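Residue numbers (the working numbering): 13 to 94.
We treat Cβ as the ideally placed atom computed from N, Cα and C, and that holds for glycine.
Owing to the predicted nature of the structure, the values given are computational and were not obtained by experimental measurement.
The structure appears right after this line, and notes come after that.
In structure tokens form, the structure reads like this:
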């Protein structure tokens with residue numbers, strides 16, 4: 013039953029139940045709080061804002077969205093491109 017501290021209440025409840033002792037995740041959560049146990053999950057990747065503008069691709073628009081005529085500025089989103 014070694015989980016290196018990554019098991020939460022749900023995992024602990026499943027582990028104990030497979031050993032033959034009925035334990036719900038809610039009771040496992042209460043017992044974990046009582047004993048001061050906390051699940052240590054690996055942190056998710058956090059995106060950082062760039063400290064400097066990219067040298068090769070300058071930001072020509074600079075968040076100035078006041079366009080006075082059609083086809084003066086084009087904008088697109090590539091966040092879903094893979």
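Checklist entry - Under 8 Å, do residue 19 and residue 27 count as touching if we go by C-beta distance? => result Counting from 1 along the chain shown, the entry for residue 19 is found at position 7. Counting from 1 along the chain shown, the entry for residue 27 is found at position 15. A contact, by the Cβ cut-off of 8 Å.
Checklist entry - Beta carbon of residue 52, beta carbon of residue 88: below 8 Å? => result As a first step, residue 52 must be located in the chain shown, where it is residue number 40. As a first step, residue 88 must be located in the chain shown, where it is residue number 76. Not a contact, by the Cβ cut-off of 8 Å.
Checklist entry - What's the C-alpha gap between residue 29 and residue 75? => result Sequence index remark: in the chain shown, residue 29 carries index 17 (1-based). Sequence index remark: in the chain shown, residue 75 carries index 63 (1-based). One alpha carbon belongs to residue 29, the other to residue 75, and they sit about 56 Å apart.
Next on the checklist: Let me confirm a value: residue 78 is counted as buried when at least 16 other C-beta atoms fall within 10 Å, else exposed. Which label applies?
Outcome noted: Looking up residue 78 in the chain shown gives position 66. Exposed, by the Cβ-count rule.
Next on the checklist: In whole angstroms, give me the CA-to-CA distance for residue 32 and residue 60.
Outcome noted: One-based indexing of the chain shown puts residue 32 at position 20. One-based indexing of the chain shown puts residue 60 at position 48. Cα-Cα distance, rounded: 46 Å.
Checklist entry - By how many angstroms is the C-alpha of residue 69 removed from the C-alpha of residue 56? => result Locating residue 56 in the chain shown gives position 44, where the first residue counts as 1. Locating residue 69 in the chain shown gives position 57, where the first residue counts as 1. For residue 56 and residue 69, the distance between alpha carbons rounds to 28 Å.
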